[in-house]
Amino acid sequence: RAQVRSRKKMTKLVSKTRAWKKVAAHYKHFKDVEMRDLFDDDKKRAEKFTINLDNLILDYSKNRISERTMKHLFRLAHDCHVEEMIQAMFRGDKINTTEKRAVLHVALRNRANTPIYVDGKDVMPQINEVLAKMRKFSEAVRLGQFKGQTGKKLTNIVNIGIGGSDLGPVMACEALRKYWAKDMSCFFISNIDGTACAEVLNKIDPETTLFIVSSKTFTTIETMTNARTCRKWLIDALGEHAVAKHFVAVSTNAGEVKKFGINPENMFEFWDFVGGRYSMWSAIGLSIALMAGMDNFERMLEGAFAMDRHFAETDLEHNIPVILALLGIWYNNFFGLKRYAVVPYDQYLRYLPAYLQQLDMESNGKFIDKDGEVVNYSTGPVLFGGAGTDVQHSFFQLIHQGTDIVPVDFIIPAISHNEIGDHHEILVANVLAQGEALMRGKTVKEAARELTKAGKSKQEVKELKLFKSFSGNRPSNTLVLKKADPYTLGMLVAMYEHKVFVQGVIWNINSYDQMGVELGKQMALNILPELQGNASGIRHDSSTANLISTIKRLRK
Ligand code: F6P
């Protein structure tokens, strides 16, 4: 605790510390080292830089690192008190400093059920109570015991939420599609664009639909507007009484839920110590439990718990989230690589990059550190991605031959949920080839040799060889999962959560607020009355003022 406190008082930017400077000095003489040579020089490189936990294996050998690099980076993590901060989070300390809140998504999956205290109160009983309520409700819906207004089984689940109240459920529901109840479907409405609502409502039948209004605050304009539209649609079809049978809420705000007209009995609670983008483990995951079953939801919690134990109990040198975080810092802050891609080679995991975008960029896209100082180093990278092999045919040209290097995380399950013909072997061959190609590249000489072998003339070889060459030395991690089952999904997501945490600790930023999303929201509220014909009295810049009048004119 004393060390955590001393970290809080530390006003020195991390970039001014001895450990940071040592990494910087090491970078200077290591930056041009070729991974090809590192592999040639050390036959045990892959073994040295591979680590596994249960059925999740991380091979980080295709990174521009040596054992010395890692040593410097571990020192940096140690000097930034990563170990103490991990304990502080698990203990329930208020590490969300600006909002003065504990950060306890780990409590949601604390399968050991050991007490965790917030303000002197053990939070586990309330967490267990909500989990039990989720089980009872999801089983009743799945078995057709909790029926709609007209006595029909509720087979269409519609989650209305946005950001953390949408991306986790969307990603996990899709990831676990193979586990869905056969007679059920699920839909997600997040965007305020009326099209999002209209397209879902066109597909479903009010008599068999259950709406879950998911919102931590229950005040988010998109969610509340969409919820009101869906409520009206339901009432128009089935009458006011139907709301109690067709609407449930997941929120921390019981007052607003009641005001909306949802029976408090149909409300699933969660708490301020769970951040929106860390909430899929709470009742925000109700759609996951409804679609894949509560047993599978709990398997997901167990997987996350296994990663939590690993994270909290393993030394830095063998700690998967810590290693991933340090590699990210190595590239971002020392190589100056400000982009980063996540590419799951699994169709069911295709929404993982979108989920990680919020997790990473909303957590660590910040320029003020915890001591209120403007940082002089870069923090969260731009994260993007998509499913392989699709993205090989979109942005991979840039990943291989672009002027900027983009470190990649490849994710591949060894066993597919759909073993059809040789699809999966082709998929695996592709992901492994991408990592190898990025690492090895192709020299101009190699390209020339290949062209000659293919029968090209001397002139053609001369003209083409540079275009056909690849600089290589481009880093990637490969994460192999035995199978993308609920347990492994839990591990994977928790691994990324903790990676983001470690980076936040090293950058000394608060990863748990999101004040950067507020200004735009505030200004939209000023523009709205103007679009609706009422003067707001706000003076805009000429561009915004012109755009407002142009759109008004076009809408007439
Ligand atoms: O985008 C800002 C944000 O506050 C996210 O952090 C959050 O996940 C999302 O909006 C939705 O908030 P709520 O769950 O309160 O509706």
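The sequence shown: position 445 = 522 (this note's numbering), numbered continuously.
Where a beta carbon is used, it is the ideal one built from N, C-alpha and C, also for glycine.
- When the beta-carbon positions are compared, threonine 300 and serine 292 come within less than 7 Å of each other.
- Unbroken beta strand (DSSP E) stretches of 3 residues or longer found wholly inside the stretch 539 to 590: 553 to 560, given in chain order.
- Judged by beta-carbon spacing, leucine 429 lies within the 7 Å limit of methionine 248, meaning their Cβ atoms are closer than that value.
- One alpha carbon belongs to arginine 386, the other to glycine 228, and they sit about 45 Å apart.
- The Cβ neighbour count for glycine 316, taken over all protein chains shown within 10 Å, is under 16; the residue is labelled exposed.
- Short of 6 Å from the beta carbon of lysine 576, and not among the five residues preceding or following it, lie these beta carbons of its own chain, in chain order: Pro398, Leu401 and Ala402.
- Distance from the CA atom of leucine 556 to the CA atom of isoleucine 128, rounded to whole angstroms, is 10 Å.
- For the options Lys542, Leu133 and Glu513, the alpha carbon positioned closest to that of aspartate 562 is the one of Leu133.
- Counting only runs of 3 or more residues that sit fully inside the stretch 408 to 432, the beta strand (DSSP E) segments are 416 to 421, in chain order.
- DSSP lists Ile234 as the bridge partner or partners of leucine 287.
- Segment contact: the stretch 442 to 457 against the stretch 504 to 518, fewer than three CB-CB distances shorter than 8 Å; contact not assigned.
- Shown here for asparagine 554: same chain residues with a beta carbon closer than 6 Å to its own, the five before and five after excluded, namely Tyr137 and Asp486 in chain order.
- Boundaries of the beta strand (DSSP E) around glutamate 346: 344 to 346.
- Between lysine 542 and alanine 531, the C-beta spacing is not below 7 Å.
- CA-to-CA, the gap between valine 327 and alanine 601 works out to about 26 Å.
- Under the 8 Å Cβ criterion, the stretch 358 to 365 counts as touching the stretch 238 to 248, having at least three qualifying pairs.
- Going by C-alpha positions, tyrosine 104 is about 36 Å away from glycine 380.
- Contact between aspartate 423 and isoleucine 488 holds, with the beta-carbon distance rounding to 7 Å and staying under 8 Å.
- Proximity to tryptophan 310 across Cys274, Gly593, His494 and Leu90 peaks at Cys274, based on C-alpha coordinates.
- Here the C-alpha atom of leucine 426 lies approximately 13 Å from the C-alpha atom of aspartate 467.
- Threonine 127: member of the beta strand (DSSP E) spanning 127 to 130, first to last residue.
- Taking non-hydrogen atoms of ligand 1 into account, the C-beta of threonine 297 is found less than 6 Å away from one of them.
- Sequence-distant partners of methionine 211 (beyond 5 residues in either direction) whose C-beta falls short of 7 Å from its own C-beta, in its chain, are Phe345, Ala360, Leu363, Ala366 and Met371.
- Relative to ligand 1, even the nearest heavy atom lies 6 Å or more away from the CB of threonine 285.
- Residues of the same chain with a CB within less than 7 Å of the CB of serine 613, apart from the 5 flanking positions on each side, are Asn603, Pro606 and Glu607 in chain order.
- Taking a cut-off of 8 Å on C-beta distances, the stretch 134 to 153 touches the stretch 407 to 414, as three or more cross pairs fall below it.
- For serine 626, the shortest C-beta to heavy atom distance toward ligand 1 is 6 Å or greater.
- By the criterion of at least three beta-carbon pairs nearer than 8 Å, the stretch 614 to 622 is not in contact with the stretch 202 to 211.
- Tyrosine 564 is not a Cβ neighbour of asparagine 373, given a cutoff of 7 Å.
- For aspartate 437, the number of other beta carbons within 10 angstroms of its own is at least 16, and it is reported as buried.
- A Cβ-Cβ separation of about 5 Å places asparagine 236 in contact with phenylalanine 265 under the 8 Å criterion.
- Counting the other Cβ atoms within 10 Å of the Cβ of asparagine 550 gives 16 or more, which makes it buried.
- Secondary structure at aspartate 313: helix, using DSSP grouped into helix, strand and coil.
- Nearest C-alpha to isoleucine 269 among Thr232, Lys519, Gly238 and Phe295: Gly238.
- When DSSP states are grouped into helix, strand and coil, cysteine 250 belongs to the helix group.
- Looking at the DSSP output, alanine 326 bridges to Val290 and Met344.
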